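>
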Amino acid sequence: MAVEHPAATSPGDQTRIHNIGYRAYDGPRLGRSYATRSLYSQSLRGAYGLGRSVKSKVLPMLLFVVMCVPAAIMVAVAVATKAKDLPVDYTRYAVIMQAVISLYVASQAPQSVSRDLRFKTVPLYFSRPIETADYVRAKFAALASALFILTAAPLVVLYAGALLAKLDFADQTKGFAQGLVSVALLSLLFAGLGLVIASVTPRRGFGIAAVIAVLTITYGAVSTLQAIADAQDAGDSIAWMGLFSPITLIDGLQSAFLGATSAFPGGVGPTNGEGVVYVLVTLGLIAACYGLLMRRYRKVGL
């Protein structure tokens, strides 16, 4: 309630002193874990445009549909023709659709972090109980979860269709589980790379271009070099070249340990020994992305 104090004013002076009546907050304090969960939830929803404008929903939802439609068509063909197996293995689907996945990462990684940098809202997060590690974990987990939804949804469609077509339950369940492991690793790797690249610049357009360049140019370069090596009968080097592109890295890992058919020239994937290197490089890259994000946001939060 506003209260005027006449003694504080002099004749002709229009100054007024008011008692605003601020009260201390005495409600529940939910702390860091609640703030981190809220940031994760908000970031995950934002990755599909939920809670934002209609324009923001168009691209992520369109890419989600594009990911699922080929799987639905394959299921319809398998059911109609009474096929004995699906046209595409579960572990191969993400590799085939890698262009759509790359476009999704390029559009959503900058949306997740670049706007906070551009409008300098990151220090506001850290003025609350949330800390640098909480922010990085929430953003990393949110984008990885969004990618997992994007890549696992068509596998669910394939699996449901396989059961409707009365294909072998044990084989389909095993393939489905292997596919989920593959796309989980892919989601962590692509999310980490996308966020690291996007966190370098507050300009969303630059972030989109940089993510697309890293994910697509490396794949094109590695695939070209592998094709040249195969044509020159230098097959021993093909597997090692696959370490230098995110999608070929996942392809080599799953062909070595998840029973997938390799997309490498000649269809020959890494050996078990080379596959161990693929696992170490994949996990190392994921850990390195997390470490780089931590280092980046320690500076931004100052």
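Heads up, the sequence shown is in my numbering, so the first residue is 610 and it goes up one at a time.
Using N, Cα and C, we set each Cβ at its ideal position, and we do this for glycine too.
These figures come from a predicted structure and were not determined experimentally.
1) For the stretch 789 to 872, list the alpha helix (DSSP H) runs that are entirely contained and at least 4 residues long, ordered along the chain.
2) Give the straight-line distance between the Cα atoms of Ala-680 and Pro-738, rounded to the nearest whole angstrom.
3) Count the other CB atoms, across all protein chains shown, that sit within 10 Å of the CB of Ile-806; report buried if there are 16 or more and exposed otherwise.
4) Could you give the residue range of the alpha helix (DSSP H) that holds Ile-954?
5) Among residues of its own chain, excluding the 5 on either side of Phe-778, which ones have a beta-carbon nearer than 8 Å to its beta-carbon?
6) Would Val-688 pass as a contact of Ala-753 if the rule is Cβ separation under 7 Å?
7) Three or more C-beta pairs closer than 8 Å, one from the stretch 791 to 810 and one from the stretch 859 to 869: is that the case here?
8) Do Ala-836 and Pro-874 have their C-beta atoms closer together than 7 Å?
9) If you pair each beta-carbon of the stretch 741 to 751 with each one of the stretch 816 to 835, do three or more pairs fall below 8 Å?
10) Quick one: Cα of Ser-716 to Cα of Arg-625, how far?
11) Can you give me the start and stop residues for the alpha helix (DSSP H) that Glu-740 sits inside?
12) Decide if Pro-719 is buried, meaning its Cβ has at least 16 other Cβ atoms within 10 Å, or exposed.
13) Measure the beta-carbon distance from Tyr-699 to Leu-767 and round it to whole angstroms, keeping in mind my assumption that it falls under 8 Å.
14) Between the stretch 725 to 733 and the stretch 846 to 866, do three or more beta carbon pairs fall short of 8 Å?
15) By a C-beta neighbour count over all protein chains shown, 10 Å radius and 16 as the cutoff for buried, is Asn-781 buried or exposed?
16) Alpha carbon to alpha carbon, how far is Ala-786 from Met-683? Give it in angstroms, no decimals.
17) If you check the beta carbons only, do Ala-751 and Tyr-899 fall under 7 Å apart?
18) Among Arg-661, Arg-907, Leu-798, Tyr-713, whose alpha-carbon lies nearest the alpha-carbon of Ala-818?
19) Could you name the residues of the same chain whose beta carbon sits closer than 8 Å to that of Leu-764, not counting the 5 residues immediately before and after it, in chain order?
20) Can you list, in chain order, the residues of its chain whose CB lies under 8 Å from that of Gly-640, leaving out five sequence neighbours each side?
21) Output needed for Ser-723: all residues of its chain with C-beta closer than 6 Å, excluding positions within five of it in sequence on either side, in chain order.
22) Using the Cβ count rule (16 or more neighbours within 10 Å means buried), how would you classify Ser-642?
23) What residue range is occupied by the uninterrupted alpha helix (DSSP H) comprising Gly-882?
24) Rounded to the nearest angstrom, what separates Ala-761 and Ala-755 at their Cα positions?
25) Taking 6 Å as the limit between beta carbons, can you name the residues of its chain near Lys-666, skipping five residues before and five after?
26) Taking Arg-746 and Thr-645 to be in contact with their CB atoms under 8 Å, please state how far apart those CB atoms are, rounded to whole angstroms.
27) So which of Lys-691, Pro-696, Tyr-906, Ala-800 has the shortest CA-CA distance to Phe-757?
28) How many Å lie between Lys-908 and Ala-685 at the Cα?
29) Using C-beta distances below 8 Å, list every residue in its chain close to Gly-770, excluding the 5 sequence neighbours before and after it, in chain order.
30) Please state whether DSSP places Pro-732 in a helix, a strand or coil.
31) Reducing DSSP to helix, strand and coil, say where Gly-660 ends up.
According to the structure data:
1) Counting only runs of at least 4 residues, the stretch 789 to 872 fully encloses the following alpha helix (DSSP H) elements, listed from N- to C-terminal order: 813 to 821, 827 to 840, 847 to 850, 855 to 866.
2) In the sequence shown, counting from the first residue as 1, residue 680 sits at position 71. In the sequence shown, counting from the first residue as 1, residue 738 sits at position 129. Cα-Cα distance, rounded: 44 Å.
3) Numbered from 1 along the sequence shown, position 197 holds the residue referred to as residue 806. Around the beta carbon of Ile-806, 16 or more other beta carbons sit within 10 angstroms, so the residue counts as buried.
4) Residue numbering for the chain in the displayed model covers 610 to 911; residue 954 lies beyond these limits and cannot be assessed.
5) Locating residue 778 in the sequence shown gives position 169, where the first residue counts as 1. Closer than 8 Å at the Cβ level, and outside the excluded window around Phe-778, lie Leu-772.
6) Within the sequence shown, the letter at position 79 stands for residue 688. Within the sequence shown, the letter at position 144 stands for residue 753. At a Cβ-Cβ threshold of 7 Å, Val-688 and Ala-753 do not count as neighbours.
7) By the Cβ test, the stretch 791 to 810 is in contact with the stretch 859 to 869, since at least three Cβ pairs between them sit closer than 8 Å.
8) For the purposes of this step, residue 836 is identified with residue 227 of the sequence shown, where counting begins at 1. For the purposes of this step, residue 874 is identified with residue 265 of the sequence shown, where counting begins at 1. When the beta-carbon positions are compared, Ala-836 and Pro-874 come within less than 7 Å of each other.
9) Judged by Cβ distances under 8 Å, the stretch 741 to 751 makes no contact with the stretch 816 to 835, as fewer than three pairs qualify.
10) Stepping through the sequence shown from its first residue, residue 716 is reached at position 107. Stepping through the sequence shown from its first residue, residue 625 is reached at position 16. Distance between the alpha carbons of Ser-716 and Arg-625: 53 Å.
11) Within the sequence shown, numbered from 1, the residue matching residue 740 stands at position 131. According to the DSSP assignment, Glu-740 belongs to no alpha helix (DSSP H), since it is labelled neither H nor E.
12) Within the sequence shown, numbered from 1, the residue matching residue 719 stands at position 110. Taking a 10 Å sphere around the C-beta of Pro-719, we find 16 or more other C-beta atoms and assign the residue as buried.
13) As a first step, residue 699 is located in the sequence shown; it is residue number 90 there, counting from the start. As a first step, residue 767 is located in the sequence shown; it is residue number 158 there, counting from the start. Their Cβ separation, rounded to whole angstroms, is 6 Å, which keeps Tyr-699 and Leu-767 in contact under 8 Å.
14) Contact between the stretch 725 to 733 and the stretch 846 to 866 is absent, because fewer than three Cβ pairs lie under 8 Å.
15) Taking the sequence shown and counting its residues from 1, one reaches residue 781 at position 172. Per the sequence presented here, residue 781 reads as Gln, with Asn not at that position. With 16 or more other Cβ atoms within 10 Å, it is buried.
16) The residue you call residue 683 lines up with position 74 of the sequence shown. The residue you call residue 786 lines up with position 177 of the sequence shown. Rounded to whole angstroms, the separation of the alpha carbons of Ala-786 and Met-683 is 19 Å.
17) On the sequence shown, residue 751 is found 142 positions in, with the first residue counted as 1. On the sequence shown, residue 899 is found 290 positions in, with the first residue counted as 1. Tyr-899 sits away from Ala-751, with the two beta carbons spaced by 7 Å or more.
18) In the sequence shown, the residue the question calls residue 818 occupies position 209. Distance check between Ala-818 and each of Arg-661, Arg-907, Leu-798, Tyr-713 places Tyr-713 closest, using alpha-carbon atoms only.
19) Within the sequence shown, numbered from 1, the residue matching residue 764 stands at position 155. For Leu-764, the CB contacts under 8 Å within the same chain, skipping 5 residues up- and downstream, are Ala-680, Tyr-699, Tyr-702, Phe-785, Gly-788, Leu-789, Val-792 in chain order.
20) The sequence position of residue 640 within the sequence shown is 31, counting from 1. Counting only Cβ-Cβ distances below 8 Å, and skipping sequence neighbours, we find Pro-738.
21) Translated into the one-based positions of the sequence shown, residue 723 becomes position 114. These residues qualify, in order along the chain: Ala-807, Pro-811, Arg-813, Gly-816.
22) Translated into the one-based positions of the sequence shown, residue 642 becomes position 33. Burial call: exposed.
23) On the sequence shown, position 273 is the one that residue 882 refers to. In this chain, the alpha helix (DSSP H) harbouring Gly-882 covers 881 to 909.
24) Residue numbering aside, residue 761 sits at position 152 when the sequence shown is read from its first letter. Residue numbering aside, residue 755 sits at position 146 when the sequence shown is read from its first letter. Distance between Ala-761 and Ala-755, taken at the CA atoms: about 10 Å.
25) Position 57 of the sequence shown, counting from 1, holds the residue named residue 666. Within the same chain, Gly-658 come within 6 Å of Lys-666 by CB-CB distance, once the 5 residues on both sides are set aside.
26) Sequence index remark: in the sequence shown, residue 746 carries index 137 (1-based). Sequence index remark: in the sequence shown, residue 645 carries index 36 (1-based). Between Thr-645 and Arg-746 the Cβ distance is about 7 Å, and since that is below 8 Å, they are a contact.
27) Residue mapping note: residue 757 aligns to position 148 of the sequence shown, counting from 1. Put simply, of Lys-691, Pro-696, Tyr-906, Ala-800 the residue whose alpha carbon is nearest the alpha carbon of Phe-757 is Ala-800.
28) Along the sequence shown, one-based indexing puts residue 908 at 299. Along the sequence shown, one-based indexing puts residue 685 at 76. Rounded to whole angstroms, Lys-908 to Ala-685 spans 52 Å at the Cα level.
29) Taking the first residue of the sequence shown as 1, we reach residue 770 at position 161. Counting only residues of its own chain and dropping the five nearest sequence neighbours on each side, Gly-770 has a CB closer than 8 Å to the CB of Ala-680, Ala-681, Met-683, Val-684, Ala-685, Ala-687, Val-688, Leu-695.
30) Here residue 732 refers to the residue found at position 123 of the sequence shown. Looking at Pro-732 - three-state DSSP - the assignment turns out to be helix.
31) Residue numbering aside, residue 660 sits at position 51 when the sequence shown is read from its first letter. It is coil, neither helix nor strand.
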